[in-house]
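Undergrad: My structure is below; once you've seen it, I'll send some questions.
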Amino acid sequence: TKKRLAHAKAIGHPARTFHINDGEAFADADTPPQSFYELTGASTTRVVTAIRVEVPPLDEIKARHTPEPGFIVNKVQASILRPNGLKEEIAFRYFIQDSEANLEDSVSEAPAPKQAPGGKEVASGFAANSKLFRTRWIVGVPSKPLQLAPGSRIVVALKQTKSIDSKPALIQRVRLSLSGNPCWTSLGQDPSRAKDIVRLTFLERKLAKIPAVKLPIMSEEQPYEQRATLEFERGNFLTKMGPDLAPDVPAIFPKLPAGAPRNRLTLAKWFFAPEQPLTARVAVNRYWEELFGTGIVETLENFGSVGEAPSHPELLDWLALHFQNDLHWDMKALLHEIVTSATYRQSAASTPSLTKRDPRNRLLARGPQQRLTAEMVRDQALLAGGLLNRSMGGPPVMPPQPVGVWKSVYNADGWKDATGPNRYRRAIYTFVKRTSGYPSFLMFDASDRDTSLPRRIPTNTPLQALVTLNDPVYQEAAESLARRAMSGAVTRTKGGASAEQVLDARLSYETRLVLSRDPTPRELAVLRAFFKKTVALSDQPSLLPARMKVSGNLVREENASTKELDGLTAVGSVLFNLDAALTR
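Going by the working numbering, the sequence shown opens with residue 748, and the numbers climb by one from there.
Right, here's the structure in full:
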């Protein structure tokens, strides 16, 4: 039974006033930072089993598509105002809210049939965090039915002290309802319900103790909780027109099944329906771009009319239908088919006439050639040096980088270099902050996370060479590569080999680890000369590059020749910077 409010006032803040209109309280313009309200209403029923407080938007129709500022009520209290002016506080058995966000707080504090265990106070707050686009409510059920004498009134007190975006989160409109239905009391006294609540709470707490990776999952709101959407006039979100729009797909595509609910599950099924070719076309185009460097449709981010036309439309259609109907969305099978094709297995070598005719290889007359991505550049250096940690899962890590390069924008967080095996984890586990990316990756065209970028457009700048020459990650990888050469290449030389032969074996071993091939005689001669020049500089420490004096987490072996290790480290750094090492 909805009761008209007879009176509403702010306690302690006289500047915040209310006016009563048709039994509802509307706040005036003044908004102090903290408020405590009392809502008073008469009752026509002599037995009250539940009290309901509703906070609707000021404009309930407009708020469905243009939400109003939200509110937060810290606490709801109630009392009976007797005809003689005395107040009797009401003890609540439990509260029920319109949101499941605080389900445990609102109902599980009262598993016993009559009172909250251990004298705990039953949680009684409710809110519309951020935005209010529908009526929010809370129902309080007293510990026992209230017996009201003639002339008695119900006084409900609302406490508000919170803010949203530095603005007081205050209610602007409120109404009060009372119920005498005995079902509210029996609900709280139902032994089976109390037992279920206790069991649920126990299982949730037991589940929380199980170590696991926390994975956020997006769940869909119930239809009545979903915000309405209107059409923007000429794209202006401030000017909305027409009736509420229903969820649907673009008219140029196959329609959603008739009678199917308009939810995310239906949309997911529609994406993979046999009559829907777009999903497969976009997918195979992205896989093609990963392998060839450029998609059949170059603009991965735009498959529409303003995007690039496909270079081979028939090939795109065939791959999409083959992936969808024959391979049944098996990505491994699709990738295997592409990389074993004659087109992919072509040599990347070109001729002047061919380069002039098709400089970007859009006609696929030669094999793909592209620079490694930022993550690949780092991981392949660690792999060649024998440092790469292949472990899966776990939290992000902070690999080494020069001091002062990374700076957090909004707080004083600092970069703390990881130690031990975590120092060399795969690039995918590198700590990334949207406003402060990992500089080494940004230099190689990784996204700064400000916008969604389906593709990276590779650039070529001298700064990239400075990263691979001087970044601590590549310094340590080069030194570890040198250690592998000193220990691994010796076993490949025959007994009695000369020092020159041992050196050539070590230089060849380093080259194989980085380039997956032996050096040519000319390359070997260049590396040998560079090695000897670096060893000669070891006698003049002041002329050595600063990077030769840093070993990171690596510990030099006592029997290792410092000069030879420095020389092979320098060679490893050169190999990491070769075009053949940075290009596939």
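Even glycine gets a Cβ: it sits at the ideal position worked out from N, Cα and C.
Below 8 Å on the Cβ atoms is my guess for Ala789 versus Val902; work out the distance and round it to an integer in Å.
TA: The pair is not a contact, with the Cβ atoms about 11 Å apart (cut-off 8 Å).
Undergrad: So Ala1204 is in the beta strand (DSSP E); what residue range does that whole segment cover?
TA: The displayed chain sequence assigns Ile, not Ala, to residue 1204. Per DSSP, Ile1204 belongs to no beta strand (DSSP E) and is neither H nor E.
Undergrad: State the DSSP-derived secondary structure class of Arg829, mapped to helix, strand or coil.
TA: Three-state result, Arg829: coil.
Undergrad: Taking contact to mean 3 or more Cβ pairs, one atom from each stretch, closer than 8 Å, check whether the segment 1187 to 1196 and the segment 1039 to 1057 are in contact.
TA: Segments in contact, no.
Undergrad: For Ala1317, which residues in the same chain have their Cβ closer than 6 Å to its Cβ, ignoring the five residues on either side in sequence?
TA: Excluding sequence neighbours, Ala1317 sits near Thr1281.
Undergrad: Are there 16 or more other CB atoms within 10 angstroms of the CB of Arg1303, so buried, or fewer, so exposed?
TA: Any answer about Arg1303 is weak, because its pLDDT of 48 lies below 50 and its placement is not dependable; what the coordinates show is given next. So Arg1303 counts as exposed.
Undergrad: With distances taken between CB atoms, is the gap from Leu1068 to Glu1084 smaller than 9 Å?
TA: No.
Undergrad: Could you tell me the alpha carbon to alpha carbon distance between Lys891 and Leu1200, rounded to whole angstroms?
TA: Each residue's alpha carbon lies about 60 Å from the other.
Undergrad: Decide if Val1321 is buried, meaning its Cβ has at least 16 other Cβ atoms within 10 Å, or exposed.
TA: By the 10 Å Cβ count, Val1321 comes out buried.
Undergrad: Excluding the five sequence neighbours on either side, which residues of its own chain have a C-beta within less than 6 Å of the C-beta of Asp806, listed in chain order?
TA: Taken in chain order, the list of residues that qualify is empty.
Undergrad: Could you tell me the distance, in whole angstroms, from the CA atom of Pro803 to the CA atom of Leu977?
TA: Approximately 21 Å, taken between the alpha carbons.
Undergrad: So, for Glu835: in the same chain, excluding its five sequence neighbours on each side, which residues have a beta-carbon less than 7 Å away from its beta-carbon?
TA: Here the set comprises Ser826, Ile827, Arg829.
Undergrad: Rounded to whole angstroms, what's the CA-CA distance from Pro1143 to Arg1009? Just pull it up for me.
TA: Pro1143 and Arg1009: Cα-Cα distance of roughly 37 Å.
Undergrad: Contact defined as beta carbons within less than 8 Å: I believe Leu1312 pairs with Met1233. What is the distance between those atoms, to the nearest angstrom?
TA: With 8 Å as the limit, Leu1312 and Met1233 qualify as a contact, their Cβ atoms being about 7 Å apart.
Undergrad: Can you tell which of Arg922, Gly887, Ala810 has its C-alpha closest to the C-alpha of Tyr784?
TA: Ranking the options by Cα distance to Tyr784, first place goes to Arg922.
Undergrad: Evaluate Pro1266 with the Cβ neighbour count: other Cβ atoms within 10 Å of its Cβ, from every protein chain shown; 16 or more gives buried, anything less gives exposed.
TA: Its Cβ being crowded by 16 or more others within 10 Å, Pro1266 is buried.
Undergrad: Could you check if Gly1132 is buried or exposed, using at least 16 other CB atoms within 10 Å of its CB as the buried criterion?
TA: Buried: at least 16 other Cβ atoms inside 10 Å.
Undergrad: What are the boundary residues of the alpha helix (DSSP H) that Thr948 is part of?
TA: Element bounds for Thr948: 938 to 955.
Undergrad: Could you give the DSSP three-state label for Met988: helix, strand or coil?
TA: In this structure, Met988 counts as strand in the three-state DSSP scheme.
Undergrad: For the pair the segment 1136 to 1151 and the segment 1101 to 1121, tell me if three or more CB-CB distances fall below 8 Å.
TA: These segments do not touch.
Undergrad: Buried or exposed: which applies to Met969, given that a residue is buried once 16 or more other Cβ atoms fall within 10 Å of its Cβ?
TA: Correcting the residue type first, residue 969 is Gln in the shown sequence and not Met. Exposed is the call here.
Undergrad: On the three-state DSSP scale, how would you describe Ile885?
TA: Strand, per DSSP.
Undergrad: Just tell me which of Glu1055, Ala1128, Gln1211 has its CA closest to the CA of Ser1263.
TA: Among Glu1055, Ala1128, Gln1211, the Cα nearest to that of Ser1263 belongs to Ala1128.
Undergrad: How many angstroms separate the CA atom of Ser1227 from the CA atom of Ala1276?
TA: Each residue's alpha carbon lies about 21 Å from the other.
Undergrad: Which term fits Val1152, buried or exposed, when burial requires 16 or more other beta carbons within 10 angstroms of its beta carbon?
TA: Exposed.
Undergrad: Which word fits Thr705, buried or exposed, when buried means at least 16 other C-beta atoms lie within 10 angstroms of its C-beta?
TA: Lying outside 748 to 1331, the shown extent of the chain, residue 705 is not represented and no answer is given.
Undergrad: Taking 6 Å as the limit between beta carbons, can you name the residues of its chain near Ala874, skipping five residues before and five after?
TA: Closer than 6 Å at the Cβ level, and outside the excluded window around Ala874, lie Ile819.
Undergrad: Check Arg1172 in the structure and name its three-state DSSP category.
TA: Strand.
Undergrad: Which residue comes first and which comes last in the beta strand (DSSP E) that contains Val1045?
TA: Sequence check: residue 1045 is Glu here, not Val. Element bounds for Glu1045: n/a, residue is neither H nor E.
Undergrad: For His812 and Val1261, what's the separation of their Cα atoms in angstroms?
TA: Their backbone Cα atoms lie some 58 Å apart in a straight line.
Undergrad: Using only CA atoms, which one of Ala1020, Asp995, Ile1204, Ala998 lies nearest to Thr1120?
TA: Closest by alpha carbon: Ile1204.
Undergrad: Using the beta-carbon count (16 or more within 10 Å), is Leu1332 buried or exposed?
TA: There is no way to answer for residue 1332, as the model of the chain reaches only from 748 to 1331.
Undergrad: Excluding the 5 residues preceding and the 5 following Lys822 in the sequence, name in chain order all residues of the same chain whose CB lies nearer than 7 Å to its CB.
TA: Ser871, Gly872, Lys906, listed in sequence order.
Undergrad: So what does DSSP say about Ser1255, is it helix, strand or coil?
TA: Three-state result, Ser1255: helix.
Undergrad: Given this structure, state the Cα-to-Cα distance separating Gly898 from Thr791, to the nearest angstrom.
TA: Approximately 10 Å, taken between the alpha carbons.
Undergrad: Name, in chain order, the residues that DSSP records as bridge partners for Ala797.
TA: Partner(s): Ser926.
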